[in-house]
Each structure stands twice: as structure tokens, then as C-alpha cells.
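Read through the structure below, which is laid out as C-alpha cells, and then see the notes.
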Amino acid sequence: MKKEKFKEILCKECELQNIEIKENQINNLSIYKDMLLEWNDKINLTAITDDYEIIVKHFVDCLECTKAITNEKKIIDVGTGAGFPGMVLAIYYPNIEFTLLDGLNKRLIFLQEVVDKLGLKNVKIVHGRAEEVVRIDNLFNYYDASVSRAVANLPVLLEYVSPYVKVGGYSIIMKGDSVDEELALAQNALKTLNLKVEEKINYNYTVSNEEYNRSILKVKKIQDTPTKYPRNYGQIKNKPL
Numbered sequence: 002m003k004k005e006k007f008k009e010i011l012c013k014e015c016e017l018q019n020i021e022i023k024e025n026q027i028n029n030l031s032i033y034k035d036m037l038l039e040w041n042d043k044i045n046l047t048a049i050t051d052d053y054e055i056i057v058k059h060f061v062d063c064l065e066c067t068k069a070i071t072n073e074k075k076i077i078d079v080g081t082g083a084g085f086p087g088m089v090l091a092i093y094y095p096n097i098e099f100t101l102l103d104g105l106n107k108r109l110i111f112l113q114e115v116v117d118k119l120g121l122k123n124v125k126i127v128h129g130r131a132e133e134v135v136r137i138d139n140l141f142n143y144y145d146a147s148v149s150r151a152v153a154n155l156p157v158l159l160e161y162v163s164p165y166v167k168v169g170g171y172s173i174i175m176k177g178d179s180v181d182e183e184l185a186l187a188q189n190a191l192k193t194l195n196l197k198v199e200e201k202i203n204y205n206y207t208v209s210n211e212e213y214n215r216s217i218l219k220v221k222k223i224q225d226t227p228t229k230y231p232r233n234y235g236q237i238k239n240k241p242l
């Protein structure tokens with residue numbers, strides 16, 4: 002897809018979702034898209050390879066998080082994968098410091114290439130497991146917010162992300178149409194981890210005549226996370242809260 006067509010489609014889709022976007026952000030996302038497809042031939046980064054679908058299902062979808070971000074200065078993307086939503090948001094918010102955390106190093110090599118290519122000064126790449134990095138690097142209560150997309154079911158995900166977030170900060174969690182079921186299952190996790198769902202932002206888009214209903218949960222950390230959390234991987238997986 003030519004850059005002019007990319008810009009036209011991205012601007013149109015952002016407008017449909019009431020998202021403002023600037024020229025330099027468009028240019029950087031265009032380069033990111035090209036690098037994503039190039040690297041995807043070498044390592045598995047995304048099953049979505051159509052240019053239009055990348056724009057809508059990855060870029061615009063991730064930019065929906067802008068509706069939940071206010072005055073945050075430091076944000077961590079736990080389980081960033083190919084950079085969704087963290088890299089997209091880092092491109093959008095050059096004045097917010099982003100940490101992109103993932104357990105698979107080859108994805109992070111790709112993301113570092115994107116950072117270097119775009120000259121991003123606000124991105125730190127970290128390799129490791131979420132439940133281990135928070136303890137090893139002493140990152141408890143360090144971030145104003147966390148962001149996550151397609152990482153784990155809500156009870157599991159909350160245990161991974163909430164220890165990183167300051168009291169009064171937010172876990173911003175992207176979910177699909179199973180969000181209400183996951184919320185029902187997460188009531189004990191919310192109570193145990195001292196969290197409260199403050200807002201649920203619903204949105205939808207249509208691709209190839211198929212409608213996608215999605216939500217963003219804005220989960221507030223009311224008090225400190227009890228010190229026993231996060232537990233080790235086996236406990237989190239086998240006995241979710």
C-alpha cells in the first residue's frame with residue numbers, strides 16, 4: 002500500500018472513532034507497518050497481514066486507549082508482543098515514557114529496531130516474565146498506568162499488571178466481546194488485589210462486513226497490592242484468583 006493510501010485510510014478510520022492524529026504520527030505508523038510485515042516473514046509477529054486490517058485491527062484499535070489515558074507520565078505495556086498497544090501509543094504520545102515488556106526476546110529485537118528506526122526517545126524495551134521483572138527490578142507501584150491487549154484472562158492479567166501500578170493509577174485493559182464474562186470471573190481478583198473497575202469504554206468497528214465489539218476497562222488501584230502478589234507462574238496459571 003502506498004503511503005498516501007495508508008494516510009487516507011488511517012485518517013478516515015481514526016475520524017470514525019473520534020481519534021485525532023497528526024502527520025508525524027501517521028508517518029511513523031506507516032514505517033512501523035512496513036517493518037511489521039517485513040519482519041513477519043522471519044518471525045511470527047501477527048496473523049494479520051492485510052494493510053487495511055493492520056490499520057483498523059491493530060493501529061486504530063490500539064489508539065482507542067487514548068480515550069482512557071489522561072495525565073500519565075510513565076506507562077508499562079505488559080505482554081506487548083509485536084508492540085500492541087504499547088508501541089502504537091508510544092508513537093502517539095512522545096512525551097509519555099513507555100516500557101514494553103515481553104517474555105519472547107525475538108519480538109523485542111524487532112521492537113528495538115522500530116525504536117531505532119523511528120528515533121523514539123520515550124521507549125524502554127524489557128525482556129522477562131511479568132511476575133518476575135516486577136520483583137527483580139523492584140518496579141512495584143512505579144508506573145502511572147499499565148496497558149494490555151490479548152495477554153490473558155482478566156483474573157490472571159490483573160495479578161500480572163496491578164503490582165506495577167501506583168495507588169490511584171490505572172490498569173487499562175483491552176478486551177473483546179467476552180468482557181462481561183471475564184468481569185464476572187474477576188470479582189475475587191479485583192477484591193483481593195485492591196482494585197476497582199472505574200470505567201468500561203465500549204466501541205466497535207467493521208471489517209469485511211464483520212462487526213467487532215470491543216471494550217477497554219479502566220481499573221483503578223485503590224490500595225497497595227498485598228505483598229504476596231504476584232505469585233509465581235505456576236500458581237497464577239493453576240490457581241487464578
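Residue numbers (this note's numbering): 2 to 242.
Glycine residues also receive a C-beta, built at the ideal position from the N, C-alpha and C atoms.
Quiz item: Closest to E5 by CA distance: which of N28, E21, G80 and Q18 is it?
Solution: Within the sequence shown, numbered from 1, the residue matching residue 5 stands at position 4. The candidate whose alpha carbon is nearest that of E5 is N28.
Self-check item: Buried versus exposed call for S209 [16 or more other C-beta atoms within 10 Å across all chains shown]
Solution: If you number the sequence shown from 1, residue 209 lands on position 208. Flag for S209 reads exposed.
Quiz prompt | Identity of the residue in R232, L37, V148 and L186 nearest V116 by Cα | solution = Sequence index remark: in the sequence shown, residue 116 carries index 115 (1-based). The shortest C-alpha separation from V116 is found at L37.
Practice problem: Label P227 either buried or exposed according to how many other C-beta atoms from any shown protein chain fall within 10 Å of its C-beta, with 16 as the threshold for buried. | Solution: Residue 227 sits at position 226 when you count from the first residue of the sequence shown. Exposed, since its Cβ has fewer than 16 Cβ neighbours within 10 Å.
Quiz item: Could you check where the beta strand (DSSP E) with V211 kicks off and where it finishes?
Solution: The residue you call residue 211 lines up with position 210 of the sequence shown. Note that residue 211 corresponds to Glu in the displayed sequence, not to Val. Here the beta strand (DSSP E) through E211 covers E211 to K222.
Self-check item: Selection from G170, T207, K229 and K13 that minimises the alpha carbon distance to A69
Solution: On the sequence shown, position 68 is the one that residue 69 refers to. Ranking G170, T207, K229 and K13 by Cα distance to A69 puts G170 first.
Exercise. Taking I44 and K107 to be in contact with their CB atoms under 8 Å, please state how far apart those CB atoms are, rounded to whole angstroms.
Key: Position 43 of the sequence shown, counted from the first residue, corresponds to residue 44. Position 106 of the sequence shown, counted from the first residue, corresponds to residue 107. 5 Å between Cβ atoms; contact.
Quiz prompt | Opening and closing residue of the alpha helix (DSSP H) in which S31 lies | solution = Here the question's residue 31 lines up with position 30 in the sequence shown. It spans E24 to N41 - the alpha helix (DSSP H) in which S31 sits, taken as one unbroken run.
Quiz item: Distance, Cα to Cα, V61 vs L11?
Solution: Working through the sequence shown from its first residue, we reach residue 61 at position 60. Working through the sequence shown from its first residue, we reach residue 11 at position 10. Rounded to the nearest angstrom, the two C-alpha atoms are 8 Å apart.
Quiz item: Which whole runs of the alpha helix (DSSP H) in the stretch 47-125 are 4 residues long or more, in chain order?
Solution: 87-93 and 106-119
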